[in-house]
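Everything on this sheet refers to the single structure shown next.
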Amino acid sequence: MTELGIVDIREIYKTVKEIYNYDFSQYAMTSFKQRLERLIIKNNISNAENLVNKLKNNPEFFDLFLYEISVPSTEMFRDPSLWRWLREEYLPDAIDKSISKYKIFLPNCVSGGELYSLTILLKELELSDNVNILATTVSNKSIEYIKEGRYDLKKIEVSSENYKRFQGNSDFTDYYTLDRYYAFRDTGIIKDVEFKKQNINFDDSPQNVKLILFRNNLIYFNPSLQEKILQHMYNCLSAGGYLILGIRERIRNLNIIKDFEIINEAEGVYKKRIGQ
Amino acid sequence: MDYKAVIIGGSAGSFQVVTRILNSMPKNFPIPVLLCLHRLKHVRSGFVEALSLKSSIPVEEPYDKDQLKPSHAYLAPANYHMYIELANRIALSTEDPVNHSRPSIDLSFITAANAYRQKLIGIILSGANKDGAYGLKKVHDNGGTTIVQDPNECEVRTMTQSALQLTKVDHVYSTDQIIKYLLKL
Chain Y
996 MTELGIVDIR EIYKTVKEIY NYDFSQYAMT SFKQRLERLI IKNNISNAEN
1046 LVNKLKNNPE FFDLFLYEIS VPSTEMFRDP SLWRWLREEY LPDAIDKSIS
1096 KYKIFLPNCV SGGELYSLTI LLKELELSDN VNILATTVSN KSIEYIKEGR
1146 YDLKKIEVSS ENYKRFQGNS DFTDYYTLDR YYAFRDTGII KDVEFKKQNI
1196 NFDDSPQNVK LILFRNNLIY FNPSLQEKIL QHMYNCLSAG GYLILGIRER
1246 IRNLNIIKDF EIINEAEGVY KKRIGQ
Chain W
224 MDYKAVIIGG SAGSFQVVTR ILNSMPKNFP IPVLLCLHRL KHVRSGFVEA
274 LSLKSSIPVE EPYDKDQLKP SHAYLAPANY HMYIELANRI ALSTEDPVNH
324 SRPSIDLSFI TAANAYRQKL IGIILSGANK DGAYGLKKVH DNGGTTIVQD
374 PNECEVRTMT QSALQLTKVD HVYSTDQIIK YLLKL
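Sequences listed follow chains Y and W, in order. Read in order, the letters of the first sequence correspond to residues 996 to 1271 in this note's numbering. Read in order, the letters of the second sequence correspond to residues 224 to 408 in this note's numbering.
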């Protein structure tokens, strides 16, 4: 196994910054290193130097790099209690009160686990027509992957257990088909979703969003970058809009916490303060 | 040796051992204790409370980027990997399970070995799969101290035996000996 040193990683930062103007230097080091090592193994690249060369000469490979560096959502309906909370305590009422179409933003989708979960939830609530969903990805490959609907069998199995705990009102098998090697999620569920490629700074995010689902993304950044990206998320939200983070992501040590109200700490739900 | 952290990995049959270790620790144990134990991924609460009951030092499930403190134990949260960053911080991750495990003992041990090098003590306890064996080897390769619970004492010995097969460890200890060793730090 190729193990990358600090010097190798700095060289990779530098190359990517110079050629593509993407700055990864504020990503959390251990997971970034691990993602790079995984990319090297999966693509039969022999060492860091070859990785750097490939990045320099091949924009298509850079797209794959962006895909591999982003960590896919692990499963559908991860943390079933959050999805139950959305269904029982929040979404129907919030959507009902919304004058225009209720706008939902999912930044940095990688494999669509969160997106498919959300669209299933809305379908079961019969609210699909009352929302606008924008899903962004940092790579083209992610968009292709999500639109194809393909999913690992193991992940479908875990998702199916989650769905049972979520107590959805259908049979989870209604939402996918199987062949010998893969599950294929029903892409009809995401047919009205708007997809867009976005840069890793998230400074090109939309406006007037009512709900942002951004779980388990901040864990891959250092605190200074977390703060910066949360500021962009804050700017996207309309007053009173909701931001949902992963259950082990805590923003109470960041300055930006003063601009949010904690709605449900156990599930990572925050609300943009009104009048700011 | 001036150690900076102890990391303990275990699975089936390790709960009682960890409880005894935490129970016997002095309140001012000089370094942080990292615990990576296999657990049910959908059960969020209960485990840390159970470990806290008899522990003489506080046991927490860390949040991402929490700073590690001495005389505290940190239990890897359900359904996350727990990494150790260079700045003495925890970093959590939702990357794919390794050896069907998330948290993965291997990943916690590898990142801790990277962060602390020779100033780390790695301990593998009773368990039913081979997770942790490779991680303990990395602790050894980086000059850290390696301890494996005596397989004869383990409820399930797969984990300790896998570790012993891969690495020439420094000590094979019973629970009592592990406790005695840690008390001397």
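The beta-carbon is built from N, C-alpha and C at its ideal position, and this holds for glycine as well.
Can you tell me which of the three DSSP states residue i falls into?
{"i": "W/V271", "result": "helix"}
{"i": "Y/T1172", "result": "strand"}
{"i": "W/R380", "result": "coil"}
{"i": "Y/A1234", "result": "strand"}
{"i": "Y/E1256", "result": "strand"}
{"i": "Y/Q1271", "result": "The predicted position of Y/Q1271 is uncertain, since its pLDDT is 49 and thus under 50; no value can be drawn from it."}
{"i": "Y/K1223", "result": "helix"}
{"i": "Y/A1261", "result": "helix"}
{"i": "Y/Y1022", "result": "strand"}
{"i": "W/I230", "result": "strand"}
{"i": "W/K407", "result": "coil"}
{"i": "Y/K1012", "result": "helix"}
{"i": "Y/I1001", "result": "helix"}
{"i": "Y/I1251", "result": "helix"}
{"i": "Y/I1246", "result": "coil"}
{"i": "Y/Y1017", "result": "coil"}
Residue i touches chain Y at which residues, Cβ-Cβ below 7 angstroms?
{"i": "W/P300", "result": "R1243"}
{"i": "W/Y303", "result": "R1243"}
{"i": "W/T334", "result": "T1025"}
Anything in chain W within Cβ reach of residue i, meaning under 8 angstroms, just list it in chain order.
{"i": "Y/V1066", "result": "S316, T317 and E318"}
Pick out whichever of the options has its Cα sitting closest to the Cα of residue i.
{"i": "Y/F1167", "options": "Y/Q1226, Y/Y1176, Y/L1173 and Y/S1155", "result": "Y/S1155"}
{"i": "Y/P1075", "options": "Y/N1250, Y/E1262 and Y/I1269", "result": "Y/E1262"}
{"i": "W/G350", "options": "W/S385, W/T334 and W/L309", "result": "W/S385"}
{"i": "Y/K1191", "options": "Y/F1056, Y/F1060 and Y/C1104", "result": "Y/C1104"}
{"i": "Y/F1216", "options": "Y/V1153, Y/S1020 and Y/V1264", "result": "Y/S1020"}
{"i": "Y/N1259", "options": "Y/Y1237, Y/A1089 and Y/I1184", "result": "Y/Y1237"}
{"i": "Y/P1102", "options": "Y/L1116, Y/Q1202, Y/I1151 and Y/N1125", "result": "Y/Q1202"}
{"i": "Y/I1128", "options": "Y/I1064, Y/I1239 and Y/V1188", "result": "Y/V1188"}
{"i": "Y/I1184", "options": "Y/K1253, Y/E1032, Y/I1141 and Y/L1061", "result": "Y/I1141"}
{"i": "Y/N1164", "options": "Y/R1210, Y/L1116 and Y/I1214", "result": "Y/L1116"}
{"i": "Y/R1160", "options": "W/M248, W/H261, W/V266 and W/S247", "result": "W/V266"}
{"i": "Y/T1182", "options": "Y/I1090, Y/T1010, Y/E1063 and Y/T1114", "result": "Y/T1114"}
{"i": "Y/I1099", "options": "Y/I1251, Y/I1246, Y/R1005 and Y/N1125", "result": "Y/N1125"}
{"i": "Y/L1034", "options": "Y/P1218, Y/K1012 and Y/L1061", "result": "Y/L1061"}
{"i": "Y/T1172", "options": "Y/K1186, Y/Q1193, Y/D1198 and Y/R1145", "result": "Y/R1145"}
{"i": "W/D319", "options": "Y/T1131, Y/E1063 and Y/P1087", "result": "Y/E1063"}
{"i": "W/V271", "options": "W/S247, W/S294, W/P300 and W/L348", "result": "W/P300"}
{"i": "Y/L1225", "options": "Y/D1018, Y/F1197 and Y/E1006", "result": "Y/F1197"}
{"i": "Y/N1157", "options": "Y/L1122, Y/W1078, Y/E1013 and Y/T1131", "result": "Y/W1078"}
Taking residue i as the query, report the chain Y residues whose CB atoms sit under 8 angstroms from its CB, ordered along the chain.
{"i": "W/E308", "result": "A1023, M1024 and T1025"}
{"i": "W/D399", "result": "Neighbours of W/D399 on chain Y: none; closest Cβ ~34 angstroms, over 8 angstroms."}
{"i": "W/Y286", "result": "R1243, E1244 and R1245"}
Residue i touches chain W at which residues, Cβ-Cβ below 7 angstroms?
{"i": "Y/P1102", "result": "Simply none; closest approach about 16 angstroms."}
{"i": "Y/N1211", "result": "T317"}
Give the residues of chain W in contact with residue i, contact being defined as C-beta atoms less than 9 angstroms apart.
{"i": "Y/R1160", "result": "H265"}
Check your understanding: Three or more C-beta pairs closer than 8 angstroms, one from the segment 1059 to 1070 of chain Y and one from the segment 1093 to 1109 of chain Y: is that the case here?
Key -> yes
Review point. Quick check: the segment 340 to 350 of chain W against the segment 226 to 242 of chain W, are there 3 or more CB pairs under 8 angstroms?
Key: yes
Point to revise | Contact the segment 1202 to 1216 of chain Y vs the segment 1227 to 1234 of chain Y: 3+ CB pairs below 8 angstroms | key: yes
Check your understanding: Which residue spans inside the segment 1034 to 1097 of chain Y form an unbroken alpha helix (DSSP H) run of at least 4?
Key -> 1043 to 1052, 1054 to 1064, 1075 to 1080 and 1086 to 1092
Exercise for review: Pick out the complete beta strand (DSSP E) segments inside the segment 1089 to 1147 of chain Y, 3 residues or longer, and give them in chain order.
Suggested key: 1097 to 1101, 1126 to 1132 and 1145 to 1147
Check your understanding: Is it a yes or a no for the segment 1034 to 1045 of chain Y touching the segment 1076 to 1088 of chain Y, going by three-plus beta-carbon pairs under 8 angstroms?
Key -> no
Point to revise | Whole runs of the beta strand (DSSP E) within the segment 251 to 338 of chain W, excluding any shorter than 3 residues | key: 256 to 260, 296 to 298, 304 to 307 and 313 to 316
Review point. Can you find at least 3 beta carbon pairs, one from the segment 234 to 253 of chain W and one from the segment 272 to 290 of chain W, that sit closer than 8 angstroms?
Key: yes
Point to revise | Touching by the beta-carbon criterion (3+ pairs, under 8 angstroms), the segment 1089 to 1096 of chain Y and the segment 1135 to 1149 of chain Y | key: no
Review point. What are the uninterrupted segments assigned as alpha helix (DSSP H) that are 4 or more residues long and contained completely in the segment 340 to 394 of chain W, given in chain order?
Key: 356 to 364 and 381 to 389
Review point. Which residue spans inside the segment 1177 to 1215 of chain Y form an unbroken alpha helix (DSSP H) run of at least 4?
Key: none
Check your understanding: Three or more C-beta pairs closer than 8 angstroms, one from the segment 1022 to 1031 of chain Y and one from the segment 305 to 319 of chain W: is that the case here?
Key -> yes
Check your understanding: With contact counted as at least three CB pairs below 8 angstroms, one residue from each stretch, are the segment 250 to 257 of chain W and the segment 348 to 367 of chain W in contact?
Key -> no
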